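Comments concern the structure below.
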Amino acid sequence: MDHLSLEKPTMPDTLRPLGNFPPSLWGDRFSSFTLDTQLLEKYSTEVEVLKEEVKDMLVLDHDDVGDGGKSGAEKMVLIDALERLGVSYLFQKEIEELLENMFPKFEEYSHVFHDNLFMLSLHFRVFRQHGYDLSSDAFERFTDNNGEFKETISSDMMGMLSLYEATFLKTHGEDILDKAFCFTKAGLESLKPHLSSNLAEQVTHALYQSLQRGIPRVEARHYISVYEKDASRNEKLLRLAKIDFNRVQMLHKEELCHISRWWKEWDLRSHIPYVRDRAVECFFYSTAVCFEPQYSLARLILTKTMIMISVLDDTYDAYGTYEELKCFTNAVQRWDMNAIDQLPKYMKPIYKALLNVHDEFYQEIMAKKEINYSVQYLEEAYKEVVRCYDVETEWLKKGYMQTMEEHLANALVTITSPLLTTAAFVGMGEIATPEAFQWLQSQPRILMACSTIFRVINDIQSCKTEDERSHVTTGVDCYMKQYGVSRPEAIGELLKIIENAWIDINEEMMRPTMISRDLVIRVLNFTRLYGVVYKYNDGYTQPECGKDSIIALYEDSIPI
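Numbering (the working numbering), first residue to last: 1 to 560.
So this is what it looks like as structure tokens:
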């Protein structure tokens, strides 16, 4: 690795829009880790044994669906448990085959649980999570003549909770699910104080964070604790979940150690101390997108890309002057180390790091004998982001207030979802075909919805702090100006845009998808990540917000 060796610059006394960001919480906390290969091998061996036993449970007999249907319902409960425990990736083929057989026969066997709200809601949610468009009309049996949900079901807490989670899979025009959401949310909130501790914990968590919009790895860690208290738990599933969590955690800790050392060795912050030091958070975000062991390269590439784009964002957003940023924009478009001579002293380490990291990706992919054409798509994505940063720089200099349409057209690029999705694809191997990258470049609806959610929720949180310094206008500012409304009114309308985009994503996840479903799920996971990190504040800038999740995923193993 060609580390930075340039002389440390003295920062000029120029008026700059400094962000004054909080420091890193972690220091060298994750930079020393030695993998216990014996323990890892022990975990891996037991996982393989338990896998085979669980596979037998997933086998669908001819009589399981259709004749009676009871076993079909039991299989759905099993699938849901595997997914919520975070181990369904071990049984991807078996689960897909099972659902492919069950879906066409749903009407045939669903009479077994005709009046079972929990079971119907579970089937609806799991089928839709896998892209099978089960009709929401099935819930009409629980409504009265006026189309309102019957009060008699409000005492069925597990059914209410199951229906509540199912409503987050709705598509446009499904009024019955809008009603179901309001009905179940109100019912769960009112009855929560009267529930048993374990059920109350589940309800409280669901109301705080729905399953569909949660970070899979974080939700799995939480659910393992919940499942352990369930009297009807399957001990084999529980043990598999615990051992596999610890096994994968060991692999993640080794990767995080690499990232921490890599970031420290680059020593970039000694050259540019104004940037946010969030290497650990970036790895956490990469784990949120693709936690599975086979995607180690994707995590490393994505983490390093997040770190680099964060450096660029802070340089454009919170330090660089207009003239300096113009020089940097031109240099990035050239993508040539010779362009470094035109840059101010403090920008040279940034530019050198950007090109060196990109070359590092190319070398890592070549070493694994993976496809290498993908790196070119990442280079072009960087160039596009920087061009759009430059547009924002022009707007700020001119004091130009954009329309909401102008703001989104540019900001859906600067929010970097297309760039980061490209980075994830680069590390995912052969499934990321040239067609997959061309699909990304075509601005597919699901990616635009993902970017919209990230952009708008980021704008809502950013407007709380960016009013304090010179900064390009946020979507909140644009909406207020364009429509002549107050800030609370603007935020209310923007929240509707976010909700609408989530429904777009639900529709785009339906079968068939244009590219491998395993790739499309990464876009969904990015959206989940953004929704969680920016739910109540700017969780990237304020690192305390994600501290507990990081400790749970990379420090605390699960007692076996």
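A virtual CB, placed ideally from N, CA and C, is assigned to each residue, including glycine. Computed from a prediction, not measured in an experiment: that's the story for all the values here.
Since I believe ILE550 is in contact with LYS242 (beta carbons under 8 angstroms), could you give me their beta-carbon distance rounded to a whole number of angstroms?
Taking the first residue of the sequence shown as 1, we reach residue 242 at position 242. Taking the first residue of the sequence shown as 1, we reach residue 550 at position 550. Cβ atoms of LYS242 and ILE550 stay farther apart than 8 angstroms, at about 20 angstroms.
Please report the straight-line C-alpha distance between TYR530 and ILE453, rounded to a whole angstrom.
Position 530 of the sequence shown, counted from the start, is the residue given in the question as residue 530. Position 453 of the sequence shown, counted from the start, is the residue given in the question as residue 453. When rounded, the distance between both Cα atoms is 8 angstroms.
What does the Cβ neighbour count give for ASP477, buried or exposed, with the cut at 16 atoms within 10 Å?
Within the sequence shown, numbered from 1, the residue matching residue 477 stands at position 477. Residue environment analysis places ASP477 among the buried positions, since at least 16 neighbouring C-beta atoms fall within 10 angstroms of its C-beta.
Pull the bridge partners of PHE33 from the DSSP assignment, please.
Taking the first residue of the sequence shown as position 1, residue 33 is located at position 33. In DSSP, PHE33 forms no bridge with anything.
Helix or strand or just coil, what does DSSP make of THR474?
Along the sequence shown, one-based indexing puts residue 474 at 474. Looking at THR474 - three-state DSSP - the assignment turns out to be coil, as it is neither helix nor strand.
Give me the Cα-Cα distance between PHE139 and THR152, rounded to the nearest whole angstrom.
For the purposes of this step, residue 139 is identified with residue 139 of the sequence shown, where counting begins at 1. For the purposes of this step, residue 152 is identified with residue 152 of the sequence shown, where counting begins at 1. So the alpha carbons of these two residues sit roughly 14 angstroms apart.
Can you name the start and end residues of the alpha helix (DSSP H) that LYS242 belongs to?
Along the sequence shown, read from residue 1 onward, the residue named residue 242 stands at position 242. LYS242 -> alpha helix (DSSP H) spans 235-266.
Check whether LEU412 and SER451 have beta carbons under 8 angstroms apart
On the sequence shown, residue 412 is found 412 positions in, with the first residue counted as 1. On the sequence shown, residue 451 is found 451 positions in, with the first residue counted as 1. In this structure, SER451 lies closer than 8 angstroms to LEU412 by Cβ.
Does the distance from the C-beta atom of GLY187 to that of MET160 stay below 8 angstroms?
Residue 187 sits at position 187 when you count from the first residue of the sequence shown. Residue 160 sits at position 160 when you count from the first residue of the sequence shown. Taking 8 angstroms as the Cβ cut-off, GLY187 and MET160 qualify as a contacting pair.
Please work out which residues of its chain come closer than 6 angstroms, Cβ to Cβ, to MET119, disregarding the five sequence neighbours upstream and downstream, and give them in chain order.
Along the sequence shown, one-based indexing puts residue 119 at 119. If you ignore the 5 residues before and after MET119, its C-beta comes within less than 6 angstroms of the C-beta of ALA73, PHE113, all in its own chain and listed in chain order.
Classify ASN430: buried if its beta carbon has 16 or more other beta carbons within 10 angstroms, exposed otherwise.
Working through the sequence shown from its first residue, we reach residue 430 at position 430. Note that residue 430 is Glu in the sequence shown, not Asn. Counting Cβ neighbours within 10 Å, GLU430 comes out exposed, since fewer than 16 surround it.
Own chain partners of THR204 with C-beta closer than 7 angstroms, once the 5 adjacent residues on each side are dropped:
Walking along the sequence shown from the start, residue 204 turns up at place 204. The residues are LYS192.
Among LEU237, ARG517, VAL311, which one has its Cα closest to the Cα of PRO273?
The residue you call residue 273 lines up with position 273 of the sequence shown. Of the candidates LEU237, ARG517, VAL311, the residue whose Cα lies closest to the Cα of PRO273 is VAL311.
Quick one: Cα of MET57 to Cα of LEU90, how far?
Looking up residue 57 in the sequence shown gives position 57. Looking up residue 90 in the sequence shown gives position 90. Cα to Cα, the separation comes out at about 14 angstroms.
Specify the secondary structure class of PHE149 as computed by DSSP and reduced to three states.
Mapped onto the sequence shown, residue 149 falls at position 149. The answer is strand: DSSP assigns PHE149 an E or B state.
What separation, rounded to the nearest whole angstrom, lies between the Cα atoms of THR541 and LEU494?
Mapped onto the sequence shown, residue 541 falls at position 541. Mapped onto the sequence shown, residue 494 falls at position 494. The alpha-carbon of THR541 is positioned some 21 angstroms away from that of LEU494.
In three-state terms, what does DSSP make of THR513?
Translated into the one-based positions of the sequence shown, residue 513 becomes position 513. The answer is coil: DSSP assigns THR513 none of H, G, I, E or B.
Reference GLU508; option with closest CA among GLU544, LEU447, ILE497
Position 508 of the sequence shown, counted from the first residue, corresponds to residue 508. That would be LEU447, whose Cα lies nearest to the Cα of GLU508.
Endpoints, the alpha helix (DSSP H) within which SER286 is located:
Start at 1 with the first residue of the sequence shown, and residue 286 comes out as number 286. Start and end: 279-289.
Give me the Cβ distance between LYS185 and TYR164, rounded to the nearest whole Å; I'm assuming they're in contact under 8 angstroms.
Stepping through the sequence shown from its first residue, residue 185 is reached at position 185. Stepping through the sequence shown from its first residue, residue 164 is reached at position 164. In this structure, LYS185 and TYR164 form a Cβ contact; the two beta carbons are roughly 6 angstroms apart against a cut-off of 8 angstroms.
Just to confirm my understanding: we take ALA424, look at its own chain, exclude 5 residues before and 5 after, and list those with CB closer than 7 angstroms. What are they?
In the sequence shown, the residue the question calls residue 424 occupies position 424. Excluding five sequence positions before and after ALA424, the CB atoms of its chain that fall closer than 7 angstroms to its own CB belong to VAL289, CYS290, ALA298, LEU302, ARG522, given in chain order.
If you draw a straight line from the alpha carbon of LYS179 to that of GLN129, how long is it in whole angstroms?
Stepping through the sequence shown from its first residue, residue 179 is reached at position 179. Stepping through the sequence shown from its first residue, residue 129 is reached at position 129. Whole-angstrom Cα-Cα distance: 20 angstroms.
Give me the Cα-Cα distance between ASP336 and GLN438, rounded to the nearest whole angstrom.
As a working mapping, residue 336 is identified with position 336 in the sequence shown. As a working mapping, residue 438 is identified with position 438 in the sequence shown. In this structure, the straight-line span from the alpha carbon of ASP336 to that of GLN438 is close to 25 angstroms.
Are ASP244 and VAL47 touching if we call contact CB-CB under 8 angstroms?
The residue labelled residue 244 in the question sits at position 244 within the sequence shown. The residue labelled residue 47 in the question sits at position 47 within the sequence shown. Yes, they are a contact pair.
Could you tell me how far apart the beta carbons of PHE127 and LEU99 are, in whole angstroms, since I believe they sit closer than 8 angstroms?
Position 127 of the sequence shown, counted from the start, is the residue given in the question as residue 127. Position 99 of the sequence shown, counted from the start, is the residue given in the question as residue 99. Contact between PHE127 and LEU99 holds: CB atoms are separated by about 7 angstroms, below the 8 angstroms threshold.
Thinking HIS252 and TYR554 are a contact (beta carbons under 8 angstroms), I'd like their distance in whole angstroms, please.
The residue given as residue 252 occupies position 252 in the sequence shown. The residue given as residue 554 occupies position 554 in the sequence shown. Right, their Cβ atoms sit about 6 angstroms apart.
If you measure between the beta carbons of ARG528 and GLY214, is that distance less than 8 angstroms?
Looking up residue 528 in the sequence shown gives position 528. Looking up residue 214 in the sequence shown gives position 214. The answer is yes: Cβ separation under 8 angstroms.
If I follow the unbroken alpha helix (DSSP H) through PRO488, where does it start and stop?
As a working note, residue 488 is residue 488 in the sequence shown. Counting along the chain, the alpha helix (DSSP H) containing PRO488 begins and ends at 487-508.
Determine the extent of the alpha helix (DSSP H) in which ASN101 is found, giving its start and end residues.
Residue 101 sits at position 101 when you count from the first residue of the sequence shown. Note, ASN101: alpha helix (DSSP H), 92-102.
Inter-residue spacing [alpha-carbon to alpha-carbon] between ARG487 and PHE149
If you number the sequence shown from 1, residue 487 lands on position 487. If you number the sequence shown from 1, residue 149 lands on position 149. Distance between the alpha carbons of ARG487 and PHE149: 35 angstroms.
How many angstroms separate the CA atom of ILE307 from the CA atom of SER442?
Position 307 of the sequence shown, counted from the first residue, corresponds to residue 307. Position 442 of the sequence shown, counted from the first residue, corresponds to residue 442. Going by C-alpha positions, ILE307 is about 26 angstroms away from SER442.
Burial state of SER155, where buried means 16 or more other Cβ atoms lie within 10 Å:
Mapped onto the sequence shown, residue 155 falls at position 155. Residue burial is scored here from C-beta neighbours: SER155 has fewer than 16 other C-beta atoms within 10 angstroms and is therefore classed as exposed.
Could you spell out the range, first to last residue, of the alpha helix (DSSP H) harbouring ASP230?
Within the sequence shown, the letter at position 230 stands for residue 230. For ASP230, there is no enclosing alpha helix (DSSP H), as DSSP marks it with neither H nor E.
Using 8 angstroms as the limit for Cβ to Cβ distance, is HIS252 near chain B?
Given the protein chain composition of this structure (a single chain), no chain B is represented.
Rounded straight-line distance, which links the Cα of THR167 to that of PHE181:
Counting from one through the sequence shown, the residue named residue 181 turns up at place 181. Counting from one through the sequence shown, the residue named residue 167 turns up at place 167. CA-CA distance, PHE181 to THR167, rounds to 6 angstroms.
If you draw a straight line from the C-alpha of LEU408 to the C-alpha of GLY475, how long is it?
Counting from 1 along the sequence shown, the entry for residue 408 is found at position 408. Counting from 1 along the sequence shown, the entry for residue 475 is found at position 475. Whole-angstrom Cα-Cα distance: 8 angstroms.
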